[in-house]
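Everything in the sequence shown is counted per numbering that gives the first Met the number 0, starting at 0 for the first residue and increasing by one. Let me begin by presenting the structure, written as structure tokens, before commenting on it.
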Amino acid sequence: MSGKLGIVGASGFIGRELARQATAAGWRVCGFSRSARGAAEGVPSWRAWSEVPDLRGLDALVNLAGEPVNRRWTAERRVLFHDSRIGVTERIAAGLEILHSAERPRVLVNASAVGIYGNRGDEILEEGVTPGGGYLADLCRDWEKSADAVAGLGLRVMKWRIGVVLGREGEAFKQMMIPFRLGVGGRLGSGRQWMPWIHVEDLAASMLHGIGHANLAGPINGTAPEPERNADFTRKLAQALHRPAIFPAPPFALKLLLGEFAGVVLASQRAVPRALLESGFKFRYPTLETALVELVNP
């Protein structure tokens, strides 16, 4: 499948990779930005928008908008978390609603997160399990509900529950590398919590795969097939970097440093991508070892 692909959040880490792969696959990519600084290299077409985006002429739309939550959750940031997710998705729905059905894209991929599952221990989390509790789970649930409204307009809607995204240019991996480069890396808390991760190349490729497969709809776990316990993740990262992993970060220290966000890094989510695997998607980086070879080596 190819045609015209709209990407809300095309200037971000995931959006840039998605635009690169989509262009290589023959898509004509159009990015959407709410500021003049939003345009990114590699995206030839951009549409500015303030309240309601102009979504005419698209065959598919991917919404990746969302303020990062990896910082202290102040009252002001909670407003940003909500508006950049639910608010943007609601504006997209409004932009679609004013179009005739023939003018609307056929598919919407809307970002979500594995945070919707909450803290679930060793439970295997496929797409059909009940969402969990807590602030982030509630935020993700509301985010997905705002995307569900689009399905009523005749679009096939997929809600991509994204795990920890690994890539050389990604903020998550850059932050992980710092303590290990300094020789003071280690597990977070007990290290027994499951980390659902995915390489950014696989994440972008899986979204394009989903757009082209009419049997995929609803929640999709955007994670690699083999999640890792935090202790194993840190050990393998340390080995790849030839650094020690002997300085664990206790929960109280994480809470002092990160506030409520510490609960996210200590939560256990053993999410697996059943829907993607059953649809025939092939991961380029199915294991952490294969991903680290690409991420660590120049």
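Think of the CB as a built atom: it goes at the ideal place given N, C-alpha and C, for glycine as much as any other residue.
field: Where D121 falls, given that 16 or more other Cβ within 10 Å makes a residue buried
entry: exposed
query: Do F172 and L181 have their CB atoms nearer than 8 Å?
result: no
- request: Taking the CB atoms as reference points, tell me whether V156 and N109 lie closer together than 8 Å.
  value: yes
- prompt: In the DSSP assignment, what are the bridge partners of A270?
  reply: L124
task: Only counting runs of 3 or more residues, tell me where the beta strand (DSSP E) segments fall wholly within the stretch 79-139, in order along the chain.
output: Within the stretch 79-139, the runs of beta strand (DSSP E) that reach at least 3 residues and sit entirely inside it are, in chain order, 106-112.
message: Using 8 Å as the threshold, is the C-beta distance between K158 and G217 below it?
response: yes
Sequence-distant residues of the same chain with beta carbon closer than 8 Å to A223, five excluded per side: G162, P195, W196, I197, H198, D201, P272, F282, Y284, P285, T286, L287, A290
- request: Could you spell out the range, first to last residue, of the beta strand (DSSP E) harbouring K254?
  value: Taken as a continuous stretch (DSSP letters only), K254 belongs to no beta strand (DSSP E), being part of the alpha helix (DSSP H) at 250-257.
task: Can you say whether G151 is buried or exposed, counting buried as having 16 or more other CB atoms within 10 angstroms of its CB?
output: Burial call: exposed.
task: Kindly list the residues whose CB is nearer than 8 Å to the CB of G131, restricted to its own chain and excluding five residues on each side of it in sequence; keep chain order.
output: Answer for G131: I115, Y116, G117, N118, R119, listed in chain order.
field: Cβ-based burial, N296 [other Cβ within 10 Å; buried from 16]
entry: exposed
task: Could you check which residue in A92, E259, L275 has the C-alpha nearest to that of G133?
output: Taking the Cα of G133 as reference, the smallest distance to any Cα among A92, E259, L275 is reached at E259.
- prompt: Among G221, P247, H99, which residue has its Cα nearest to the Cα of D358?
  reply: The displayed coordinates of the chain run from 0 to 297. Any statement about residue 358 would go beyond what the structure contains.
- prompt: Quick one: is P249 buried, meaning 16 or more other Cβ sit within 10 Å of its Cβ, or exposed?
  reply: Answer is exposed; the Cβ neighbour count stays below 16.
8 Å Cβ cutoff met for M175 and L257: L257 sits away from M175, with the two beta carbons spaced by 8 Å or more.
- prompt: Who does S44 pair with in a DSSP beta bridge?
  reply: C29.
query: Taking the Cβ atom as the reference point for each residue, do Q268 and V113 lie within a distance shorter than 8 Å?
result: A contact, by the Cβ cut-off of 8 Å.
Run of the beta strand (DSSP E) containing A223, from where it starts to where it stops: First-last for A223: undefined, no H or E at that position.
- prompt: Hey, L135 and V183 are a contact pair by Cβ (cut 8 Å); roughly how many whole angstroms apart?
  reply: In fact, because the Cβ distance is near 28 Å, the residues do not count as touching under 8 Å.
- request: Can you tell me which of the three DSSP states P243 falls into?
  value: coil
- request: Could you pull the start and end residues of the alpha helix (DSSP H) that R180 belongs to?
  value: 170-180
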